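K.L.:
Have a look at this one.
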Amino acid sequence: MRQTGRIFDIQRYSIHDGPGIRTIVFLKGCVLRCRWCCNPESQEYDIQEMVVAGKKKIIGRDVTVAEVMEEVMKDGDYYRNSGGGLTLSGGECLCQPDFAAALLRAAKENGISTAIESAATLPYENIEKLLPYLDTYLMDIKHMDPVKHEQFTGKRNDRILENAMKVAKSGTHLIIRVPVIPTFNNTPEDIDKIARFAASLPGVEEIHLLPYHRLGQDKYTGLGRDYALDGIEPMSREYMLSLLEVAKRSGLRCQIGG
Amino acid sequence: MNFDTSPIARTKRIERLLDAFYSAKPEIEAARAELLTESYKTTESMPEVERKSRAFEHILAGIPIIIRDDELIVGSTTLQMRGCQTYPEFSYEWLEAEFDTVATRLADPFNIKDDTKKRLKEANKYWKNKTTSELATAYMDPRALRAINHNLFTPGNYFYNGIGHLTVKYWEVLCTGLEGIIKRAEDGIASLCVGKEDACKRRIFYEAVIRSCKAVINYAHRYADLAEKMAGSASGERRSELLKIAEVCRNVPEKPAKSFYEACQSFWFVQQLLQIESSGHSISPGRFDQYMYPYYKKDLDAGIVTRESAQELLDCIWIKLNDLNKCRDAASAEGFAGYSLFQNLIVSGQDKNGRDVTNDLSSMCIEASMHTGLPMPSLSIRVWNGTPHEIMVKAVELTRTGIGLPAYYNDEVIIPALMNRGIPLEEAREYNIIGCVEPQVPGKTDGWHDAAFFNMLRPLELTFTNGYEDGELVTLETGDVTKMTSFEEVYEAYKKQMTTSIALMVNAINAIDYAHAQRSPLPFESCLIDGCFEKGLCVEEGGAIYNFSGPQGFGIANVADALFAVKKLVFEQKKYTMADFKQAMADNFGKGLTALDAEHMVKAVCANLKVDGKPITPEVVRTVYESVVASKKLSPDRIKFYEQMLEDIEALPKYGNDIDEVDYFARDVAYTYTKPLETFKNPRGGIFQAGLYPVSANVPLGKQAGATPDGRLSGQPIADGIGPAQGRDKLGPTAAANSTAKIDHMIASNGTLYNQKFHPSALVGAKGIDNFITYLRTYFSRKGMHVQFNVVSRETLLDAQKNPDKYKTLVVRVAGYSALFTTLSRSLQDDIISRTTQANTF
Chain S
15 MRQTGRIFDI QRYSIHDGPG IRTIVFLKGC VLRCRWCCNP ESQEYDIQEM VVAGKKKIIG
75 RDVTVAEVME EVMKDGDYYR NSGGGLTLSG GECLCQPDFA AALLRAAKEN GISTAIESAA
135 TLPYENIEKL LPYLDTYLMD IKHMDPVKHE QFTGKRNDRI LENAMKVAKS GTHLIIRVPV
195 IPTFNNTPED IDKIARFAAS LPGVEEIHLL PYHRLGQDKY TGLGRDYALD GIEPMSREYM
255 LSLLEVAKRS GLRCQIGG
Chain W
4 MNFDTSPIAR TKRIERLLDA FYSAKPEIEA ARAELLTESY KTTESMPEVE RKSRAFEHIL
64 AGIPIIIRDD ELIVGSTTLQ MRGCQTYPEF SYEWLEAEFD TVATRLADPF NIKDDTKKRL
124 KEANKYWKNK TTSELATAYM DPRALRAINH NLFTPGNYFY NGIGHLTVKY WEVLCTGLEG
184 IIKRAEDGIA SLCVGKEDAC KRRIFYEAVI RSCKAVINYA HRYADLAEKM AGSASGERRS
244 ELLKIAEVCR NVPEKPAKSF YEACQSFWFV QQLLQIESSG HSISPGRFDQ YMYPYYKKDL
304 DAGIVTRESA QELLDCIWIK LNDLNKCRDA ASAEGFAGYS LFQNLIVSGQ DKNGRDVTND
364 LSSMCIEASM HTGLPMPSLS IRVWNGTPHE IMVKAVELTR TGIGLPAYYN DEVIIPALMN
424 RGIPLEEARE YNIIGCVEPQ VPGKTDGWHD AAFFNMLRPL ELTFTNGYED GELVTLETGD
484 VTKMTSFEEV YEAYKKQMTT SIALMVNAIN AIDYAHAQRS PLPFESCLID GCFEKGLCVE
544 EGGAIYNFSG PQGFGIANVA DALFAVKKLV FEQKKYTMAD FKQAMADNFG KGLTALDAEH
604 MVKAVCANLK VDGKPITPEV VRTVYESVVA SKKLSPDRIK FYEQMLEDIE ALPKYGNDID
664 EVDYFARDVA YTYTKPLETF KNPRGGIFQA GLYPVSANVP LGKQAGATPD GRLSGQPIAD
724 GIGPAQGRDK LGPTAAANST AKIDHMIASN GTLYNQKFHP SALVGAKGID NFITYLRTYF
784 SRKGMHVQFN VVSRETLLDA QKNPDKYKTL VVRVAGYSAL FTTLSRSLQD DIISRTTQAN
844 TF
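If you read the sequences in order, they're chains S and W.
Numbered as in my numbering, the first sequence ends at 272 without a single skipped number.
Numbered as in my numbering, the second sequence ends at 845 without a single skipped number.
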């Protein structure tokens, strides 16, 4: 419980990231640099300053597992009544594997469900540390083409796809999520390929299409960075529904949003 | 599951009735005031109860009646849909003073014809020195009157209007008919022992009951005649509908209801005519799904009604509930904004033996609110540990429409809260809700809920000014705060200011109570409340079995945050002094003087001049004003100092974020109101009990409160309900609910109010609904008493402000009730928008 790690936010009453009512703990630091990332302040491990609503705000703090759990367990009865619990997000929680594992373990000791949102870009050893305490893995598969993947996220996808297969084979409940980004992966062909891959993973039953949104745009300004997707409009609901139909051909349960 | 929650289609008739509703503009009519006055002029020698019954008889015999197109349930108080009558016997001066502005005011405008003004002026002449409000003023202690003038509390509701706020025995009228009640009264007269000390008064009461019931029967027969006459010139389906209406009105409410249709019509006449007898609002149908169910079930089994035809009748009643209207004075209209009559109708819950009694009608009542989308009735649902999930889903489907209904009430808190007031378990289990959020036992209670608004910020201000305002002592001297050396000393001074202010309020409320007993005993209402027959007394005279007075305190969040700031910054961190806080409040934290601040300062200086024997002329006042304004030009350093101070206050923990230290302090602050209050008694033999809710008065009464140490600026809205102050809850709905549940709701047996705004995205799909239900049930398992939701996006509300015509039908939850958004004043609209939206974007 004295294990420390670096987080930048705790968000309660989250209902789109795993079953039931959940609290998301956002860990700081990521190996990818996705152009559309709606939490750009999550990417650097270092503690940063960001301007929020005209005021400077310190992003990132070092906390112990005990401190995080005290906050998380304030909603303990909501989790128990809804089958919810703790979700680790980021950043990439696999960048702090010991801390992440300790948080998940503490959650299991408190009898609540656990989940992570992760892009699986790190060595499988990091993932393995978490698996004994993990109920649901919400894994991003952003693109099947390694080159395009690298172009938009900074890294190839080979390891992600390997890890996906390993996690699936480990028997952990795995849900595949696709951030659907115009100019990157929003053609029916892109979605079709990802959905087929997801369907090929043993035990995977679900895929979520997460439509691109611009809610993170102001944060780029707040960090003094340019927003690479400036001018790109979110897709219409009708278009998303058409992609949903494409995804359904894989035979998986499909939904828009988490 | 022994009930059906599946949807039922809305009929064309309901759509047409709704169209007519939306195209009607509220208007004031004069007939009732004229008939009342005519009668009163001829009955001056008679006892008051008899006069009331004769006036009621005269009004019901003469008031114009109308059957609107497409109506199946009839009985309209005004010729115009959504019109209102006036009630000069309670008060009238305000309306005459507002004749020229009532049509154009922002909150709840009413049209009024020139001819109506003339007729009302003529009728009102008679009422000079005869109203309940004048008598109440006469009863009031001068110190209580002064406290009202200083806006410590606002007892305007019953000061100027009838009381209402009860649930009568509708079920008895359905079961025995008014003829059964007349029979009881006749038996009462027959068994009078003439020599007994109260025999003369009893006889008058029973006679007044008989006269009133016969007046109602006669009124129903007028409708039967009218329907027959209209049938003569109608054709086809409408002709048979009118003939049916005639047949129904010929039978009920005089005789027992033979069918579901008759039960609906009988219910409606009672509901409507209680509101013609007096101008009281919050006359609440209560457990409608329970007392109507036997009639529905019988007809359904016999094939007389279908689910669809019964639903249409319910929908018709729902529209009638919105047809009734009431014009309040401009200030009260802001406090009760949205044309609401607060007719609270509650479904589900337990019976007296503790079994769940959710039935088909529970669901159909929810369906009716979906079909009509109107603010009335104030639909509520009782929730307990055994409430079936299916009815919760149905309720949340209504919540999801964004209409702000239903309100959810927690049996697990309310039943013990009522038992703590001496009500037996079986009766407590039968509770319903009055008006906004006030629990009570139906048919047995005169709760005097809503007796006054008590602004908890005002005693806080008086703590800093040693009880003085405008140069006079308003409450009591509790010492110079700048000399206080511990937080306990400050808190003790606040508690004394509270106790004194509460006593002053009790005096004012009891004065009004005496005035109603003397000038407004209401025999029709009283014959439908248990206890009155036995005692031979009207409700207003203490006839009911259970009697309470329930004034509502509000501002807990602000006071808790404010005192917490003083505790931390002055006595723990020692960053600021008490003098800094006192000055900051006087300087409005450097954000400029409001008109309110300037007025107080000018009054204070003038009062001192007067003491010195100086004449107060307009010139003197102007000079004083100019010097006050000049003295408040602050140096840039000072302004900077205040900016820093506001930042330091902002950085402190705030109520609403699930932080035990400040939340449990808020619990204690709430006790400064709830505990002293319950030691007081009312003239009807009952006690005072606290409510914790502001209706919508947190906005207008915020304008009457200066800056407070929580960083709230002068004139800004006060926190809504028992929820966190606007925008200060930053950790989402569970944290806010957890904080709110840390207040002791059980002691606030006159009701607590928790408004929660949700973004529609949080309620998407079956999963959204399930999580929402879990959220609600968990709040209740933590002993929250009530919660209601606004589910509408900020963007929608902003757009509605810009394009009101597009949003004529947009209903939002204001505070314990729902209102059409575009009819609310701009400031209240802004307040609703500023309440934190609990959004989960992605």
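Glycine included, C-beta positions come from ideal geometry on N, C-alpha and C.
Keep in mind the model is a prediction, meaning the values are calculated, not measured.
In three-state DSSP terms, what is W:Phe761?
P.N.:
Of the three classes helix, strand and coil, the one that applies to W:Phe761 here is strand, per DSSP.
K.L.:
Spell out whether any CB of chain S is found under 8 angstroms from the CB atom of W:Arg780.
P.N.:
With 8 angstroms as the cut-off, W:Arg780 counts as an interface residue toward chain S.
K.L.:
Just to check my reading of the structure: W:Gly159 and W:Phe93 have Cβ atoms closer than 8 angstroms, yes? What is that Cβ distance to the nearest angstrom?
P.N.:
No, W:Gly159 and W:Phe93 are not in contact; Cβ-Cβ is about 11 angstroms, not under 8 angstroms.
K.L.:
Would a check of beta-carbon distances place W:Asn774 closer than 8 angstroms to chain S?
P.N.:
Yes, its Cβ sits closer than 8 angstroms to a Cβ of chain S.
K.L.:
Spell out whether any CB of chain W is found under 8 angstroms from the CB atom of S:Lys180.
P.N.:
S:Lys180 does not count as touching chain W.
K.L.:
Using a Cβ cut-off of 7 angstroms, pull out every chain S residue sitting near W:Leu734, in sequence order please.
P.N.:
Here the neighbours are Arg26.
K.L.:
So which of W:Tyr222, W:Asp453, W:Ile76 and W:Leu109 has the shortest CA-CA distance to W:Trp271?
P.N.:
The candidate whose alpha carbon is nearest that of W:Trp271 is W:Ile76.
K.L.:
Exposed or buried, W:Thr40, counting other C-beta atoms within 10 Å across all chains shown (16 or more means buried)?
P.N.:
Buried, since its Cβ has 16 or more Cβ neighbours within 10 Å.
K.L.:
If you measure beta-carbon to beta-carbon, which residues of the segment 73–96 of chain S are closer than 8 angstroms to chain W?
P.N.:
Flagged, chain order: Lys88, Asp89, Asp91, Tyr92, Asn95 and Ser96.
K.L.:
For chain S, check one thing: does any of its Cβ atoms lie closer than 8 angstroms to the Cβ of W:Asp661?
P.N.:
Output row for W:Asp661: interface = yes.
K.L.:
Given that a residue counts as buried once 16 or more other Cβ atoms are within 10 Å of its Cβ, and exposed if not, what is S:Asp89?
P.N.:
It is buried - the Cβ of S:Asp89 has at least 16 other Cβ atoms within 10 Å.
K.L.:
Taking the straight line between their C-alpha atoms, what separation do you get for W:Gln275 and W:Gln314?
P.N.:
If you take the alpha carbons of W:Gln275 and W:Gln314, they lie about 20 angstroms apart.
K.L.:
Listed from N- to C-terminal order along the chain, which residues in the segment 72–92 of chain W have their beta-carbon within a distance smaller than 8 angstroms of any beta-carbon of chain S?
P.N.:
If the cut-off is 8 angstroms between Cβ atoms, the segment 72–92 of chain W has nothing near chain S.
K.L.:
Where does W:Phe551 sit, in a helix, a strand or coil, going by DSSP?
P.N.:
DSSP places W:Phe551 in strand when its eight states are reduced to three.
K.L.:
Say whether the segment 693–707 of chain W touches the segment 320–340 of chain W, bearing in mind that this needs 3 or more beta-carbon pairs closer than 8 angstroms, one atom from each stretch.
P.N.:
Touching, yes.
K.L.:
Is any beta-carbon of chain W found at less than 8 angstroms from that of S:Gly34?
P.N.:
Yes, because at least one Cβ of chain W sits closer than 8 angstroms to the Cβ of S:Gly34.
K.L.:
Could you list which residues in chain W have their beta carbon closer than 8 angstroms to that of S:Ile29, in chain order?
P.N.:
The answer, in chain order, is Ala765, Lys770, Gly771, Asn774 and Asn843.
K.L.:
With W:His452 as the anchor, note down where its alpha helix (DSSP H) starts and where it stops.
P.N.:
Looking at the DSSP string, W:His452 is not in any alpha helix (DSSP H); the run it does join, the beta strand (DSSP E), is His452 to Asn458.
K.L.:
Pull up the DSSP beta-bridge partners for S:Tyr138, would you.
P.N.:
Its beta-bridge partners do not exist; DSSP assigns none.
K.L.:
Runs of 4 residues minimum, wholly inside the segment 725–808 of chain W: which ones carry the alpha helix (DSSP H) assignment?
P.N.:
With a minimum length of 4 residues, the continuous alpha helix (DSSP H) runs that stay inside the segment 725–808 of chain W are 735–744, 768–784 and 797–805.
K.L.:
List, in order along the chain, the chain S residues whose C-beta lies closer than 9 angstroms to that of W:Ala738?
P.N.:
Residues of chain S passing the Cβ test: Arg26, Tyr27, Lys88 and Asp89.
K.L.:
If you follow the beta strand (DSSP E) that W:Tyr296 is in, where does it begin and where does it stop?
P.N.:
Here W:Tyr296 belongs to no beta strand (DSSP E); instead the alpha helix (DSSP H) covers Tyr296 to Asp304.
K.L.:
Cβ closer than 8 angstroms: which chain S residues qualify as neighbours of W:Tyr784?
P.N.:
Note that residue 784 of chain W corresponds to Ser in the displayed sequence, not to Tyr. Simply Asp91 and Asn95.
K.L.:
If you measure from the CB of W:Glu544, is any heavy atom of the ligand HEM nearer than 7 angstroms?
P.N.:
As for the ligand HEM, it is missing from this structure, which has no ligand bound.
K.L.:
Pick helix, strand or coil for W:Glu175, following the three-state DSSP scheme.
P.N.:
W:Glu175 falls in the helix class under three-state DSSP.
K.L.:
Per DSSP, S:Arg191 is paired with what?
P.N.:
According to DSSP, which records beta bridges pairwise, S:Arg191 is partnered with S:Asp154 and S:His222.
K.L.:
What residue range is occupied by the uninterrupted beta strand (DSSP E) comprising W:Leu827?
P.N.:
That residue, W:Leu827, is in no beta strand (DSSP E); it is neither H nor E in DSSP.
K.L.:
Following the continuous alpha helix (DSSP H) through S:Leu41, name the residue where it begins and the one where it ends.
P.N.:
Looking at the DSSP string, S:Leu41 is not in any alpha helix (DSSP H); the run it does join, the beta strand (DSSP E), is Arg36 to Leu41.
K.L.:
According to DSSP, is W:Ile505 part of a helix, a strand, or is it coil?
P.N.:
W:Ile505 falls in the helix class under three-state DSSP.
K.L.:
Does S:Asp60 pass the burial test, meaning 16 or more other C-beta atoms within 10 Å, or should it be called exposed?
P.N.:
The residue in question, S:Asp60, is exposed, as its Cβ has fewer than 16 Cβ neighbours within 10 Å.
K.L.:
Under 7 angstroms between beta-carbons, which chain S residues line up against W:Asn3? List them in chain order, please.
P.N.:
Summary: the structure shown does not reach residue 3 of chain W, with chain W confined to residues 4 through 845, and so no result is reported for it.
K.L.:
Just tell me which of S:Thr128, S:Ala178, S:Met254 and S:Gly34 has its CA closest to the CA of W:Asn774.
P.N.:
The candidate whose alpha carbon is nearest that of W:Asn774 is S:Gly34.
K.L.:
Could you tell me the distance, in whole angstroms, from the CA atom of W:Arg205 to the CA atom of W:Ala58?
P.N.:
Whole-angstrom Cα-Cα distance: 19 angstroms.
K.L.:
Just to confirm the assignment, what range does the beta strand (DSSP E) spanning S:Phe22 have?
P.N.:
Note, S:Phe22: beta strand (DSSP E), Thr18 to Ser28.
K.L.:
Please report how far the alpha carbon of S:Phe22 lies from the alpha carbon of S:Glu106, in whole angstroms.
P.N.:
About 12 angstroms.
K.L.:
Does the segment 349–361 of chain W come into contact with the segment 291–302 of chain W, if we say contact requires no fewer than three beta-carbon pairs (one atom in each stretch) closer than 8 angstroms?
P.N.:
Yes, they touch.
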